[in-house]
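Participant:
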Amino acid sequence: MTTTTVPVGRAAPLSTGAPAGSTLWRQAQVLARRSLIKTWRTPEALIDVTLQPVIFLALFTYVFGGAIAGGSQEDYLQFLLPGLLGQTIAMASVALGQNLNADIEKGVFDRFRSLPIGRSAPLIGAVLADVVRYVILFVVMIAVGTVMGFDPASWGGVLASLLLAVGFALCFGWISVYVGMVVRTPGAVQGIMFALIFPLAFGSNVFVATETMPGWLQAFVEVNPISHLVGAVRGLMMGGPVAGDLGWTLVSMVGLLVVFMPLAVRAYRRRA
Amino acid sequence: MTNAIEAEGLTKRFGDTSALAGVDLAAREGTVLGVLGPNGAGKTTAVRVLATLLRPDSGTARVAGHDVLADPAAVRARIGLTGQYASVDEDLTGTQNLLLIGQLLGLRTGEARARAAELLDWFDLAEAAGRIAKNYSGGMRRRLDLAASLVGRPSVIFLDEPTTGLDPAKREEMWEVVRRVVADGATVLLTTQYLEEADALADEITVIDRGRVIAHDTPDGLKHRIGGQRVRIRPADPARTDDVRRLLGELTRTVPELGPRGELTSRVDDDSLLPELVGRLRAGGIPVSELSLHLPSLDEVFLTLTGRGTDTTEEAA
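Chains A and B, in that order, give the protein sequences.
Under our numbering, the letters of the first sequence match residues 2 to 273, in that order.
Under our numbering, the letters of the second sequence match residues 184 to 500, in that order.
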């Protein structure tokens with residue numbers, strides 16, 4: 002012990018608790034920075050938003066592309082890339098719930114919960130930090146896709162797609178947060194999330210046109226929020242109708258947020 | 184003097200397990216309350232209730248003048264919590280950990296930096312400030328954890344088994360830190376499995392077992408009730424065991440117990456006994472290979488207070 006500086010009790014408490022909206026936002030930002038520092042320290046945690054989507058893109062284009070799009074892998078790439086964005090962004094949200102679950106297990110969140118900060122701040126912070134991961138995923142996909150021959154009709158549309166996809170991911174991520182709060186282990190988070198995402202990703206217009214599917218499956222595809230996201234992203238990037246899918250995507254975003262954010266925060270509060 | 188911590192009739196069940204079965208606790212402002220008990224006694228559950236992490240099934244608690252159920256935010260603004268398992272973020276450096284807490288508490292970046300540096304210095308962690316906490320030793324982790332709980336200048340500090348798993352030298356070091364924090368005016372609730380630790384730090388000790396308070400007293404009062412210290416002698420020559428037994432029995436007016444390694448143990452209530460004992464051993468020409476005075480173990484405490492030893496059930500929650 003090198004100094005005799007007084008460590009406690011000297012002044013009035015520093016914070017008053019009860020966070021106003023702006024305080025909650027600031028706390029969430031501080032906690033988001035914590036998540037980013039951790040990501041920076043462990044770059045291998047970015048594999049699911051870098052290497053994995055590239056592998057998907059290459060495999061589907063070159064293995065299935067010829068068979069699906071009647072011989073032209075390049076034509077299929079134009080169809081597949083906007084779709085894969087929708088799928089991989091949903092899969093990238095799995096890590097969010099896993100990380101939160103691990104934080105709780107390690108006792109880090111007990112410290113947060115004993116602080117006079119907003120109850121939902123640690124969750125909002127984690128979701129915010131994920132924006133960086135989604136942007137990385139988007140940029141990697143577009144860059145590799147362009148090298149492979151992806152040729153969007155409008156780069157402005159690509160930019161708009163980025164905003165839409167990240168916005169969707171921010172809402173979809175709350176499912177992962179909720180699952181992370183209610184199950185016991187990070188492994189269980191992954192299991193449950195994949196069981197949820199696979200039907201959503203493949204029972205959609207991501208890989209093939211909806212018209213080729215049986216009627217009952219078409220009905221599912223039509224209500225699948227990933228289909229609408231992909232439809233809107235395709236329209237924005239490649240030209241074509243956007244309004245209908247965009248509208249439904251925005252509705253599903255609000256729906257996901259309104260349902261899963263309160264559920265996640267409640268589960269977090271109750272978790273002993 | 185008012186109580187900084189006050190709990191009455193706390194109960195908490197987890198499924199079939201009753202972690203707290205009506206616990207009363209009280210700590211006067213500026214004192215250390217030791218909560219002594221084995222694993223599974225309910226110590227951690229009690230701390231989690233008082234630190235607003237867990238709602239009790241029934242009972243009331245006030246911490247730093249605020250009700251933990253009615254006004255948890257006000258309680259959180261005045262407490263520091265150091266968990267049974269060091270809850271710093273392993274992937275952040277010492278500085279980053281403290282900076283994070285400071286900024287969450289609403290300090291400006293500059294202030295938070297100054298506070299982090301001050302605490303790291305105070306806890307002898309300045310050199311390790313830029314290293315990731317994962318690479319800290321056990322003792323350093325505990326100190327960083329304690330530092331993290333002090334960032335907001337709390338008036339009530341909860342230390343949940345702060346030295347469990349530390350070697351004796353590190354334990355002494357941690358005790359010294361705790362004493363200095365208390366000297367600064369904070370109220371501390373410390374849970375421990377060691378009577379020695381409670382005796383070294385606490386002004387009053389509450390002993391809990393299976394979710395119930397089985398004793399509350401000052402360290403001296405408690406030691407008196409459980410028969411003070413134990414003296415242990417191991418004669419160098421086993422042939423002299425009977426001589427030692429007779430001598431010890433006369434002095435302490437007890438029947439010494441013979442241990443597995445040929446050591447004899449008796450209770451002592453009188454502090455002048457040990458010098459007298461040494462004098463008689465010398466007079467009798469009895470060489471000894473071990474002579475020690477120690478506090479009863481938790482097992483011995485429980486045996487005296489409850490008539491049975493400690494259970495080794497898992498800590499609930």
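We put the beta carbon where it would ideally sit given N, CA and C, even for glycine.
(1) Write down the C-beta distance between F173(A) and L257(A) rounded to the nearest angstrom, noting that I regard them as a contact closer than 8 Å.
(2) In whole angstroms, give me the CA-to-CA distance for G266(B) and S332(B).
(3) At what residue ranges does the region 165-236 of chain A contain a whole run of the alpha helix (DSSP H), taking only runs of 4 or more?
(4) So is W41(A) buried or exposed if we call it buried at 16+ other beta carbons inside 10 Å?
(5) Exposed or buried, what is N318(B) when buried is set at 16 or more other beta-carbons lying within 10 Å of its beta-carbon?
(6) Between which two residues does the alpha helix (DSSP H) holding L129(A) run?
(7) Have a look at T51(A), L264(A) and V190(A) and flag the residue whose alpha-carbon is nearest the alpha-carbon of R134(A).
(8) Report the partner residues of A244(B) according to the DSSP bridge assignment.
(9) Under 8 Å between C-beta atoms, does I262(B) make it to chain A?
(10) G266(B) touches chain A at which residues, Cβ-Cβ below 8 Å?
(11) Counting only beta-carbon separations shorter than 8 Å, does R267(A) have a partner in chain B?
(12) Give a yes or no on contact between the region 136-152 of chain A and the region 77-93 of chain A, applying the rule of three or more CB pairs nearer than 8 Å.
(13) So the beta strand (DSSP E) G263(B) belongs to, where does it begin and stop?
(14) Would you check if there are 3 or more beta carbon pairs closer than 8 Å linking the region 241-260 of chain B to the region 90-99 of chain A?
(15) Alpha carbon to alpha carbon, what distance is there between L476(B) and Q376(B)?
(16) Check this for me: beta carbons of R325(B) and L308(B), under 8 Å apart or not?
(17) Taking the straight line between their C-alpha atoms, what separation do you get for P443(B) and G205(B)?
(18) At which residues does the beta strand (DSSP E) containing A204(B) begin and terminate?
(19) How would you list, in chain order, the residues of chain B whose beta-carbon sits under 9 Å from the beta-carbon of R1(A)?
(20) Thinking just about the alpha-carbon of each residue, which of L60(A), G108(A) and G181(A) is nearest to the one in L264(B)?
(21) Flag this pair as yes or no: are the beta carbons of T214(B) and L203(B) separated by less than 8 Å?
(22) Measuring CB to CB, does A381(B) end up less than 8 Å from P337(B)?
(23) With DSSP run on the structure shown, which of helix, strand or coil describes S23(A)?
(24) Please report whether the beta-carbon of R325(B) lies at a distance below 8 Å from any beta-carbon of chain A.
(25) Is it right to say A13(A) is buried, meaning 16 or more other beta carbons lie within 10 angstroms of its own, or is it exposed?
(26) If you check the beta carbons only, do A190(B) and L208(B) fall under 8 Å apart?
(27) Give me the DSSP bridge partner(s) of P242(A).
(28) Would you kindly work out how many angstroms separate the C-alpha atoms of D367(B) and V55(A), rounded to a whole number?
(29) Among L430(B), R413(B) and L456(B), whose alpha-carbon lies nearest the alpha-carbon of L378(B)?
(30) Report yes or no: is there a C-beta of chain A within less than 8 Å of the C-beta of Q286(B)?
(31) Where do the N-terminal and C-terminal ends of the alpha helix (DSSP H) with D426(B) fall, by residue?
(32) Would the beta-carbon of G404(B) fall within 8 Å of that of R450(B)?
(33) Could you round the C-beta distance between I118(A) and Q30(A) to whole angstroms and report it? I think they count as a contact, below 8 Å.
(34) Using a Cβ-Cβ cut-off of less than 8 Å, list which residues of the region 222-246 of chain B approach chain A; keep chain order.
(35) Who are the near neighbours of D386(B) in its chain, counting only those whose CB is closer than 6 Å to its CB and skipping five residues on each side?
Facilitator: With the given structure in hand:
(1) Locating residue 173(A) in the first sequence gives position 172, where the first residue counts as 1. Locating residue 257(A) in the first sequence gives position 256, where the first residue counts as 1. That belief holds up - the Cβ atoms of F173(A) and L257(A) are roughly 6 Å apart, short of 8 Å.
(2) Counting from 1 along the second sequence, the entry for residue 266(B) is found at position 83. Counting from 1 along the second sequence, the entry for residue 332(B) is found at position 149. Using only the alpha carbons, I get a separation of about 10 Å.
(3) 187-203 and 216-224
(4) Translated into the one-based positions of the first sequence, residue 41(A) becomes position 40. Exposed: under 16 other Cβ atoms inside 10 Å.
(5) Residue mapping note: residue 318(B) aligns to position 135 of the second sequence, counting from 1. Flag for N318(B) reads exposed.
(6) On the first sequence, residue 129(A) is found 128 positions in, with the first residue counted as 1. Unbroken alpha helix (DSSP H) run through L129(A): A122 to M149.
(7) Here residue 134(A) refers to the residue found at position 133 when the first sequence is read from its first residue. Selected option, being the one with the closest Cα: T51(A).
(8) Looking up residue 244(B) in the second sequence gives position 61. Answer is A190(B).
(9) Counting from one through the second sequence, the residue named residue 262(B) turns up at place 79. For I262(B), the answer is yes, since a Cβ of chain A falls inside 8 Å of its Cβ.
(10) In the second sequence, residue 266(B) corresponds to position 83, counting from 1. Ordered by position in chain A, the residues that pass the 8 Å Cβ test against G266(B) are G108, D111 and R112.
(11) As a first step, residue 267(A) is located in the first sequence; it is residue number 266 there, counting from the start. No, R267(A) does not count as interfacial toward chain B.
(12) yes
(13) Counting from 1 along the second sequence, the entry for residue 263(B) is found at position 80. It spans I262 to T265 - the beta strand (DSSP E) in which G263(B) sits, taken as one unbroken run.
(14) no
(15) Taking the second sequence and counting its residues from 1, one reaches residue 376(B) at position 193. Taking the second sequence and counting its residues from 1, one reaches residue 476(B) at position 293. The straight-line gap from Cα to Cα measures roughly 19 Å.
(16) Your numbering for residue 325(B) matches position 142 in the second sequence. Your numbering for residue 308(B) matches position 125 in the second sequence. Taking 8 Å as the Cβ cut-off, R325(B) and L308(B) do not qualify as a contacting pair.
(17) The residue you call residue 443(B) lines up with position 260 of the second sequence. The residue you call residue 205(B) lines up with position 22 of the second sequence. Cα to Cα, the separation comes out at about 40 Å.
(18) Sequence index remark: in the second sequence, residue 204(B) carries index 21 (1-based). Note, A204(B): beta strand (DSSP E), T200 to R211.
(19) The structure shown does not extend to residue 1(A), since chain A is modelled only from 2 through 273, so no value can be given for it.
(20) Position 81 of the second sequence, counting from 1, holds the residue named residue 264(B). Nearest C-alpha to L264(B): G108(A).
(21) Walking along the second sequence from the start, residue 214(B) turns up at place 31. Walking along the second sequence from the start, residue 203(B) turns up at place 20. Not closer than 8 Å, so no.
(22) As a position in the second sequence, residue 381(B) is number 198, starting the count at 1. As a position in the second sequence, residue 337(B) is number 154, starting the count at 1. Taking 8 Å as the Cβ cut-off, A381(B) and P337(B) do not qualify as a contacting pair.
(23) As a working note, residue 23(A) is residue 22 in the first sequence. In the structure shown, S23(A) sits in a helix (DSSP, three-state: H, G or I).
(24) Taking the first residue of the second sequence as 1, we reach residue 325(B) at position 142. Cβ-Cβ to chain A under 8 Å: no for R325(B).
(25) In the first sequence, residue 13(A) corresponds to position 12, counting from 1. Confidence in A13(A) is poor, its pLDDT being 46 and thus under 50, which makes the residue's placement too unreliable to answer from.
(26) One-based indexing of the second sequence puts residue 190(B) at position 7. One-based indexing of the second sequence puts residue 208(B) at position 25. Yes, the pair counts as a contact, with Cβ atoms nearer than the cut-off.
(27) Taking the first residue of the first sequence as position 1, residue 242(A) is located at position 241. In DSSP, P242(A) forms no bridge with anything.
(28) Taking the second sequence and counting its residues from 1, one reaches residue 367(B) at position 184. Taking the first sequence and counting its residues from 1, one reaches residue 55(A) at position 54. The straight-line gap from Cα to Cα measures roughly 58 Å.
(29) As a first step, residue 378(B) must be located in the second sequence, where it is residue number 195. Closest by alpha carbon: R413(B).
(30) Locating residue 286(B) in the second sequence gives position 103, where the first residue counts as 1. Yes, because at least one Cβ of chain A sits closer than 8 Å to the Cβ of Q286(B).
(31) Looking up residue 426(B) in the second sequence gives position 243. Run containing D426(B): T424 to T435, per the alpha helix (DSSP H) assignment.
(32) The residue you call residue 404(B) lines up with position 221 of the second sequence. The residue you call residue 450(B) lines up with position 267 of the second sequence. It is not a contact, given that the beta carbons lie outside the stated cut-off.
(33) For the purposes of this step, residue 118(A) is identified with residue 117 of the first sequence, where counting begins at 1. For the purposes of this step, residue 30(A) is identified with residue 29 of the first sequence, where counting begins at 1. Contact flag wrong, Cβ pair sits at about 12 Å.
(34) R231, A234, T235, L236 and L237
(35) For the purposes of this step, residue 386(B) is taken as the residue at position 203 of the second sequence. These residues qualify, in order along the chain: T214 and V215.
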